[in-house]
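S.K.: One structure is given below, represented as C-alpha cells, and several questions about it will come after.
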Amino acid sequence: MPPNRNCPCVDRLRWCSQAVANLLHMAHTMKVLVAFMLSAVCVEATVLSSPQAPQSDPNAYTAIVDRLKAGDRTVDFTELRMAFTHTPDYHGMMMAAYQPLWRTLNARDFENAIRVADDVLKRNYAEPNAHMVAARAHRELGHAELAEFHQFVADGLLRSLTSKGDGKTAESAYQAIDVSEEYALFRSMNVTVKSQSVVGPPASGRPIVDRVVVVDGLTKEERTMFFSVDDPSTIQRSAR
Numbered sequence: 021m022p023p024n025r026n027c028p029c030v031d032r033l034r035w036c037s038q039a040v041a042n043l044l045h046m047a048h049t050m051k052v053l054v055a056f057m058l059s060a061v062c063v064e065a066t067v068l069s070s071p072q073a074p075q076s077d078p079n080a081y082t083a084i085v086d087r088l089k090a091g092d093r094t095v096d097f098t099e100l101r102m103a104f105t106h107t108p109d110y111h112g113m114m115m116a117a118y119q120p121l122w123r124t125l126n127a128r129d130f131e132n133a134i135r136v137a138d139d140v141l142k143r144n145y146a147e148p149n150a151h152m153v154a155a156r157a158h159r160e161l162g163h164a165e166l167a168e169f170h171q172f173v174a175d176g177l178l179r180s181l182t183s184k185g186d187g188k189t190a191e192s193a194y195q196a197i198d199v200s201e202e203y204a205l206f207r208s209m210n211v212t213v214k215s216q217s218v219v220g221p222p223a224s225g226r227p228i229v230d231r232v233v234v235v236d237g238l239t240k241e242e243r244t245m246f247f248s249v250d251d252p253s254t255i256q257r258s259a260r
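Residue 260 is where the sequence shown ends in our numbering, and the numbering goes up by one at each step.
Pasting the structure below:
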C-alpha cells in the first residue's frame with residue numbers, strides 16, 4: 021500500500037531530515053571556518069616571531085667610528101666591519117694600501133708611516149693593518165696613548181675576524197671582508213704565506229673561500245687556513 025503523502029508524519033520526517041542536513045552543512049562550514057582562522061593565526065604568529073633581515077643604515081659606519089674616536093670601548097668591531105661594507109669606499113680589494121703601510125714602517129720612517137696610516141683610516145677605519153702600523157709608529161715616537169688606542173682597535177678587528185669559525189676548513193672558514201684582513205692576521209701571528217688559492221671557482225651569491233698555507237716564523241711548521249668573503253659580488257678575482 022503506497023504511503024499517504026498527506027500524512028503529517030511524513031511531513032514531520034521530511035522536516036527532520038532537512039534539519040539534520042542543514043546542521044551537518046553548518047558543522048562542516050564551521051569546521052572550515054575554524055581551520056581557516058587557526059591557519060591565519062599561525063601565519064600571523066610566524067610572521068611576528070620570524071627575525072627580520074636587518075636593514076643597512078648608510079650612516080651606521082660613521083656613527084660607530086665617531087663613538088670609537090670619542091673613546092667608547094664598547095664598540096662592536098664586527099658591526100664596524102660589516103657597516104664599512106655598506107659604504108661607497110668598500111670595494112672588496114684593499115690590498116693597495118698594504119705595501120705602502122708596511123714599507124714605510126719597515127724603513128723606520130715613523131712620521132711618514134703615521135701619515136700613510138691616517139690617510140688609509142680616513143677611507144677605511146676598519147683596516148687592521150693601518151691601526152697596527154699606527155700603533156707601532158706612535159709607540160716608537162713615544163706617543164703611548166695613541167699607540168695603545170690603535171693597538172686596541174687592531175686587536176678588536178682581528179678578534180672579530182676570528183670570532184666565527186676556526187679557519188681550519190672551508191666550511192668553518194674565518195669570515196673576512198677583504199684579503200688585507202687575512203694578511204693583518206698573519207702578521208699578528210708571526211706567520212708568512214707560502215701559497216694561496218681559491219677553493220672552487222668564484223660564483224655570484226656564493227662566498228669566495230681562500231685556502232692559505234702559512235709557515236710559522238719560529239717553528240717553521242706549516243698550517244692551512246681558510247677565509248671566506250660572504251659578498252663576492254664586489255670582488256674581481258679568478259680561481260688560481
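Ideal placement from N, C-alpha and C gives every residue a C-beta, glycine not left out.
Predicted model, so just to flag it, every value in this text is computed and none were measured.
1) For chain C, is any of its Cβ atoms less than 8 Å away from the one on T189?
2) Among M245, D77, T82, S248, which one has its Cα closest to the Cα of K142?
3) So F97 and S180 are in contact, right, with Cβ under 8 Å, and what is the actual spacing, rounded?
4) Going by the beta-carbon positions, is the gap between D230 and E191 smaller than 8 Å?
5) Give the C-beta separation of M114 and E147 to the nearest angstrom, bearing in mind that I take them to be a contact with Cβ-Cβ under 8 Å.
6) Quick test of the definition: if touching needs 3 or more C-beta pairs under 8 Å, does the region 89-103 touch the region 127-140?
7) Is it right to say L177 is buried, meaning 16 or more other beta carbons lie within 10 angstroms of its own, or is it exposed?
8) In whole angstroms, what separates the C-alpha of R4 from that of F206?
9) Nearest to T212 by alpha carbon, out of R226, G162, V232?
10) Comparing alpha-carbon positions, which option in Y145, V153, N144 lies nearest N132?
11) Locate the beta strand (DSSP E) running through R231, then write down its first and last residues.
12) Please classify Q119: is it buried, with 16 or more other beta-carbons within 10 angstroms of its beta-carbon, or exposed?
13) Does DSSP put V85 in a helix, in a strand, or in coil?
14) Just to check my reading of the structure: R247 and A196 have Cβ atoms closer than 8 Å, yes? What is that Cβ distance to the nearest angstrom?
15) Assign L121 to buried or exposed, taking buried as 16 or more other Cβ atoms, counted over all protein chains shown, within 10 Å of its Cβ.
16) Let me know if N79 comes out buried or exposed under the rule of 16 or more other beta-carbons within 10 Å of its beta-carbon.
17) Can you give the Cα-Cα distance for L58 and D109, rounded to whole angstroms?
18) Using CA atoms only, rank isn't needed, just tell me which of T94, K89, D77 is closest to T105.
19) Can you tell me whether D92 is buried or exposed, with buried defined as 16 or more other CB within 10 angstroms of its CB?
20) Are the CB atoms of P221 and V249 nearer to each other than 8 Å?
M.R.: Based on what the coordinates show:
1) As a matter of chain content, chain C is missing from the structure shown, which is built from one protein chain.
2) T82
3) 4 Å
4) no
5) 6 Å
6) no
7) buried
8) Since the displayed the chain opens at 21 and closes at 260, residue 4 lies outside it and no answer follows.
9) V232
10) V153
11) 228-236
12) exposed
13) helix
14) Going by the sequence as given, residue 247 is Phe instead of Arg. 5 Å between Cβ atoms; contact.
15) buried
16) exposed
17) Because L58 carries a pLDDT of 30, less than 50, the predicted location of this residue cannot be relied on, and no value is offered for it.
18) D77
19) exposed
20) no
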